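Read the structure below first, then the notes.
Protein chains in written order, with our numbering: chain A, 1 to 712; chain B, 713 to 814.
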């Protein structure tokens, strides 16, 4: 099979799995997850083959694997549908395939496959546990998710969207994959639709990303009208880029390239939950944890960053756009990190951490650090997927404890209810520790250090001191809240009975953790800068060479400077140490000095948006449209028409229908018939001989008439 | 041989006598008798047409037998009705049995 054919086939197995599960195997849980995981495995296999083949090609950036067919005719050109694997795609495909496969596998364990059906579980609500009798006494065990098959169908479709987005060679199919994921994220966040909070979160996520998507669609439309094509390879030629850079757009003094870049970037702001469209992502934690991992690490939010990285040649044409990108990224990185410090829900901390880390990538892109952005995108996908899956494992273990004690008031996601879990859940603890250290950028060993250090080095080296300082503070806070999380969750002694009875999760959940932990450490080693003291040059800086080749101009590696390195060391280690120091003895939220209501309530952004957008929208619909327009104006008109028609009707009835039709035609006919009948009834004498006499007379008369007329 | 028309004249005369009886007699039993006369005049017709037509075809005689059977049945039903009416209303005068009057 040629590589091009293989690339076409990569996205298809999960889509096929979706249809198979929905149409045929919905009843069988085992068959459904076999199909879904098998499909993920096929896509993974295809991706790995493509990745390996891509490694073997020299100058892949100039001669990528590509293939396309005409799709929709538009005037004299065609909108094409096609695939493209250049170094960037290959690198992204690698981590997407791995994380997707791991998440699929993890979901099997997370949804309690192999456990009995719950005592009173309902579709649309999380499983509550089942009572079983063993060794003569009853106890409660986790129960299987009631909508198990449906979950695998959805994540299959989701994976299809992501693979489509990654391998597509033009913005249109990328946008198609993008929107498929948008839909799936809505469906999956609202997976437990029986909970009002999940429903609201799903709607919120969908509506918020829609804002970004509309702008993105505008950007795509503008790009198409300006260049006549949406294929990356055709847009990123020197002359097209030059034209785009020189046409003024007439908006804010931006060039066409600048405006297109800005519009596309707003799409990313929605999808990757950047300020000010970040509000949906923490709420999206209502979904099952594998979904959180998928949406927040491997696929959807990465897709946003992937898109801006992909469109980097256009975005980088206009300095104003780049400045906006850098500002939004850096601001989000710091802003989200400060909120994460005050969150107590284990998944919400990670959600804000994700927003913050995505800010790092966006900021890196905004200062032109292309390779660093890709690097951090990949390492982040690995360690954040690991952390989310790890947190899911922790929650699972805690739920086990809750089932054991039967006290359902204990929130298994609240970190203050945990503590000491390192002994109960050793695999989860060690992998979570690796993921946490990678997130904090623990020096030298972890992947997060190398990617984050590269961003900082680029910011410093290119003279963006403001961005550098912001990101450094954000990195410090990242390390701080990560250590806070690890300390509260795993270290110390159990703070509740539930935590005492927590249990390690099954192999389907721990295996993905171990594999992802492996990448969270080793993936950093492929991108060690060549001028790094001692270690530089030991391993060639493969990532820079490979991914850098995507661009027409190979990006220069930034010159080595000790300051960003020292900063990286200090903020990572300092943050980790500070986090441990502060939280090692804290046992309740009351003792936590950082539970500032301002941070805890996320700077009141939800409330502000509620006042600015939601309340007016409700006012417009309920008061303006419903009460005034509909009930007042339109119903008013109707209330005029109603009586008018009624009056006309009763006039016709009284003046025409009743006298003419009823009295004259109706009753008249009846009266005449009645009178005639009355006269005629005297004939009915009841005397048989009279009747016979009549009959005889008629017979003779008829006979005579017949004789006279016919025979004579 | 006596010409066919004589039989037909006899038959017509008999039919007219029967019809007159049916229309003019007041007694219900007499009306039934009139009906019998009319039926038998028809029988004369049937048999004489058979005799003067194709003798090998038995249809005329068969019809005559069927008419006997019908007449017997009709008379028995008719007399039963007359008896039933007499028991209830103590009369057999047709004019007085005018229950079906308007």
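Beta carbons are placed, not taken as given, at the ideal position from N, Cα and C, and that holds for glycine. Small disclaimer: the values here were computed from a predicted structure and weren't measured.
Tell me where the alpha helix (DSSP H) around residue 379 of chain A begins and ends.
Looking at the DSSP string, the run of the alpha helix (DSSP H) that includes residue 379 of chain A is 370-405.
Let me make sure I understand the geometry here. Which of B:757, B:722, B:740 and B:802 has the alpha-carbon closest to that of residue 777 of chain B?
The alpha carbon of residue 777 of chain B has as its nearest neighbour, out of B:757, B:722, B:740 and B:802, the alpha carbon of B:757.
Residue interval of the alpha helix (DSSP H) (run including residue 71 of chain A)
From DSSP, residue 71 of chain A is part of no alpha helix (DSSP H) but of the beta strand (DSSP E) over 65-74.
Going by C-alpha distance, which of A:269, A:341 and A:293 is nearest residue 361 of chain A?
For residue 361 of chain A, the closest of A:269, A:341 and A:293 by C-alpha to C-alpha distance is A:269.
Under 7 Å, CB to CB, which of the residues in the segment 732-761 of chain B have a partner in chain A?
Considering only beta carbons, the part of the segment 732-761 of chain B lying closer than 7 Å to chain A consists of 734 and 735, in chain order.
Here's the rule I'm using: 16 or more other beta-carbon atoms within 10 Å means buried, otherwise exposed. How should residue 130 of chain A be labelled?
It counts as buried.
Is it the case that the Cβ atoms of residue 98 of chain A and residue 207 of chain A are separated by a distance below 9 Å?
The beta carbons of residue 98 of chain A and residue 207 of chain A sit no closer together than 9 Å.
Taking a contact to mean a Cβ-Cβ separation below 9 Å, would you say residue 456 of chain A touches residue 567 of chain A in this structure?
Yes, the pair counts as a contact, with Cβ atoms nearer than the cut-off.
Taking residue 704 of chain A as part of the alpha helix (DSSP H), name the residues at either end of that continuous run.
Where residue 704 of chain A is concerned, the enclosing alpha helix (DSSP H) stretches over 688-706.
Can you give the Cα-Cα distance for residue 226 of chain A and residue 239 of chain A, rounded to whole angstroms?
If I take the Cα positions, the gap works out to 13 Å.
Using 9 Å as the limit for Cβ to Cβ distance, is residue 658 of chain A near chain B?
Chain B has no Cβ within less than 9 Å of the Cβ of residue 658 of chain A.
Name the DSSP beta bridge partners of residue 131 of chain A, please?
According to DSSP, residue 131 of chain A bridges with A:140.
Applying the criterion that 16 or more other CB atoms from any shown protein chain within 10 Å of the CB defines a buried residue, is residue 465 of chain A buried or exposed?
When all chains shown are included, residue 465 of chain A counts as exposed.
Less than 9 Å between the C-beta atoms of residue 780 of chain B and residue 749 of chain B, yes or no?
Not a contact, by the Cβ cut-off of 9 Å.
Can you tell me whether residue 177 of chain A is helix, strand or coil according to DSSP?
Residue 177 of chain A sits in a helix when the DSSP states are folded into three classes.
Interface flag, residue 645 of chain A vs chain B, CB-CB below 9 Å:
Residue 645 of chain A is outside the set of residues whose beta carbon lies under 9 Å from a beta carbon in chain B.
Does the count of Cβ pairs from the segment 466-480 of chain A and the segment 354-369 of chain A closer than 8 Å reach three?
With a cut-off of 8 Å, the segment 354-369 of chain A and the segment 466-480 of chain A count as touching, because enough Cβ pairs lie within range.
Name the DSSP beta bridge partners of residue 77 of chain A, please?
Bridge pairing for residue 77 of chain A: A:74 [DSSP].
In chain order, what residues of the same chain have a beta carbon less than 6 Å from the beta carbon of residue 485 of chain A, not counting five sequence neighbours either side?
Closer than 6 Å at Cβ, skipping near neighbours: 349.
Top-ranked residue by Cα proximity to residue 373 of chain A, from A:312, A:159 and A:228:
Comparing Cα-Cα distances from residue 373 of chain A to each of A:312, A:159 and A:228, the minimum goes to A:312.
So what does residue 248 of chain A bridge to, in DSSP terms?
Looking at the DSSP assignment, residue 248 of chain A forms a beta bridge with A:255.
Can you list the residues of chain B that residue 649 of chain A reaches, using a CB-CB cut of under 7 Å?
The CB of residue 649 of chain A never comes closer than 7 Å to any CB in chain B; the least such distance is about 44 Å.
So who's on the other strand from residue 84 of chain A, going by DSSP bridges?
Per DSSP, the beta bridge partners of residue 84 of chain A are A:66.
Assign residue 683 of chain A to one of two classes, buried (16 or more other C-beta atoms within 10 Å of its C-beta) or exposed (fewer than that).
Residue 683 of chain A comes out exposed.
Using alpha carbons as the reference points, say which of A:25, A:20, A:19 and A:10 lies closest to residue 50 of chain A.
Taking only the C-alpha atoms, the option nearest residue 50 of chain A is A:10.
Can you round the beta-carbon distance between residue 230 of chain A and residue 20 of chain A to whole angstroms, since I take them to be within the 8 Å contact cut?
Going by Cβ atoms, the distance from residue 230 of chain A to residue 20 of chain A rounds to 32 Å, so no, they are not a contact pair.
Kindly give me the distance between the Cβ atoms of residue 288 of chain A and residue 110 of chain A, rounded to whole angstroms, as I take these residues to be in contact under 8 Å.
Rounded, the Cβ-Cβ distance is 7 Å, consistent with contact.
When you check each C-beta in the segment 680-711 of chain A against every C-beta of chain B, which residues fall closer than 9 Å?
So the close ones are 681, 682, 683, 684, 685, 686, 687, 688, 689, 690, 692, 693 and 696.
From which residue to which residue does the alpha helix (DSSP H) around residue 310 of chain A run?
Unbroken alpha helix (DSSP H) run through residue 310 of chain A: 300-310.
To the nearest whole angstrom, what separates the beta carbons of residue 441 of chain A and residue 432 of chain A, a pair I think is in contact under 8 Å?
Rounded to the nearest angstrom, the Cβ distance from residue 441 of chain A to residue 432 of chain A is 16 Å, too far for a contact under 8 Å.
How many whole angstroms separate the CB atoms of residue 618 of chain A and residue 514 of chain A, which I take to be in contact at a CB cut-off of 8 Å?
Not really, about 49 Å apart at Cβ, beyond 8 Å.
At a CB-CB cut-off below 9 Å, which residues of chain A make contact with residue 806 of chain B?
Using a Cβ-Cβ cut-off of 9 Å, residue 806 of chain B is close to 687, 688 and 689 of chain A, given in chain order.
contact_flag[the segment 414-430 of chain A, the segment 125-141 of chain A] where n(CB pairs < 8 Å) is 3 or more:
No, they do not touch.
Segment contact, 8 Å Cβ cut-off, at least three pairs: the segment 396-403 of chain A with the segment 493-500 of chain A
Touching, yes, given that three or more Cβ pairs across the two stretches are closer than 8 Å.
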